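Below you'll find the structure, written out as structure tokens, and then a few comments.
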Amino acid sequence: MLTNKKMSKPHRIALLGILTAIILIQNFVPFLGNIPIPPLNPTIIHITVIVATLTMSTTDGIIIGAVWGITRMIRAYTMPATPLDLLLWTHPMIALVPRMLIGLFTGLSYRLSHRLFPKRDKVALASASVVGSFTNTIFVLFFIYLFFGETYAQAIDVDISNLAGALAVIVGTNGVAEAIAAAIIAPLVTIPLRKITMKK
């Protein structure tokens, strides 16, 4: 698992608190958790989880992912935008598990990429960010298909036999846009954060 051994405990606790606050703000303040590019409006909240993983550790990424998932469930219970929102985002396998897996798969992919490209850390950071981003997109859509396939198909006016194809289109549009954003933004944030939080 990815671990930043050069980070002091006070720095880790402080950064966990800051990233938790950022997650809360991104979830509850309109437009701060998304890039306003209609019609996709890709999310950028996953980038906070990726940054937590790459800056601190896989475990910390999983923790921040859990914060996002729990916050998303609370928002669905208290501020549902639609009945479908209440149905989907209160289910822990959809709202919580994929967010935690971002940290796991980002950490694993960074370690692998760093071994393949030991002298090109930016490449490892960017590739791990892409993996983390697609982890969120693919697992969320997979669990929607698994648990609420028929209901979701009716909600988006698609025949259940065509739902898998419709979800694949989402991966190819929103998913790609979110992955590109993660590959650009996460390394730009992670590199200076690492320098700031290293032990003196």
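Numbering-wise (the UniProt record's numbering), the sequence shown opens with residue 1 and increments by one. Just so it is clear, CB atoms sit at the ideal spot from N, CA and C, and this is done for glycine as well. What you are looking at is a predicted structure, and each value in this text was computed from that prediction instead of being measured.
For residue i: DSSP bridge partner residues
| i | result |
| --- | --- |
| M198 | M7 |
| residue 214 | This structure does not reach residue 214, given that the chain is present from 1 up to 200, and the question cannot be answered. |
Own chain, CB closer than 8 Å to residue i, minus 5 neighbours either side, in chain order
| i | result |
| --- | --- |
| V140 | I94, P98 |
| I144 | L88, I94, Y152, L167 |
| Y77 | L86, T90 |
| V123 | S113, F117 |
| R75 | N27, F28, W89 |
| G175 | S133, F134, T137, I138 |
| F147 | H91, M93, I94 |
| I160 | G149, E150, A153 |
Cβ shell of residue i (< 6 Å), same chain only, five flanking positions each side left out
| i | result |
| --- | --- |
| A186 | I47, I50, V51, S129 |
| S109 | A128, V131 |
| G69 | A95, L96, R99 |
Cβ distance (whole Å) where residue i is taken to contact residue j below 8 Å
| i | j | result |
| --- | --- | --- |
| L125 | L32 | Rounded, the Cβ-Cβ distance is 23 Å, inconsistent with contact. |
| A181 | P30 | Between P30 and A181 the Cβ distance is about 18 Å, and since that is not below 8 Å, they are no contact. |
| G103 | T137 | 15 Å between Cβ atoms; not a contact. |
| L84 | A155 | 5 Å |
| T197 | L19 | In fact, because the Cβ distance is near 12 Å, the residues do not count as touching under 8 Å. |
| R12 | M56 | 6 Å |
Buried versus exposed, by CB contacts within 10 Å (16 or more), residue i
| i | result |
| --- | --- |
| S133 | buried |
| I63 | buried |
| I184 | exposed |
| E150 | exposed |
| A179 | buried |
| T190 | buried |
| R115 | exposed |
| K6 | exposed |
| M79 | exposed |
| M169 | Rather than Met, the amino acid found at residue 169 in this sequence is Val. Answer is exposed; the Cβ neighbour count stays below 16. |
| I45 | buried |
| residue 208 | Only positions 1 to 200 of the chain appear in this structure, which leaves residue 208 out of reach. |
| P39 | Here the model assigns P39 a pLDDT of 49, short of 50, so the residue's position is not dependable and the matter cannot be decided. |
| G17 | exposed |
Own chain, CB closer than 7 Å to residue i, minus 5 neighbours either side, in chain order
| i | result |
| --- | --- |
| T71 | I23, L24, N27 |
| F105 | V131, G132, T135 |
| V171 | T137, I138, L141 |
| K195 | none |
| N34 | N41, P42, T43, I44 |
Next on the checklist: What ranges does the alpha helix (DSSP H) occupy inside the stretch 45-109, keeping only unbroken runs of at least 4 residues that lie completely in it?
Outcome noted: Listed in chain order, they are 45-55, 58-78, 83-88, 92-95.
Checklist entry - In chain order, which alpha helix (DSSP H) runs of at least 4 residues are fully inside the stretch 102-173? => result Here the runs fully enclosed are 121-155, 163-170.
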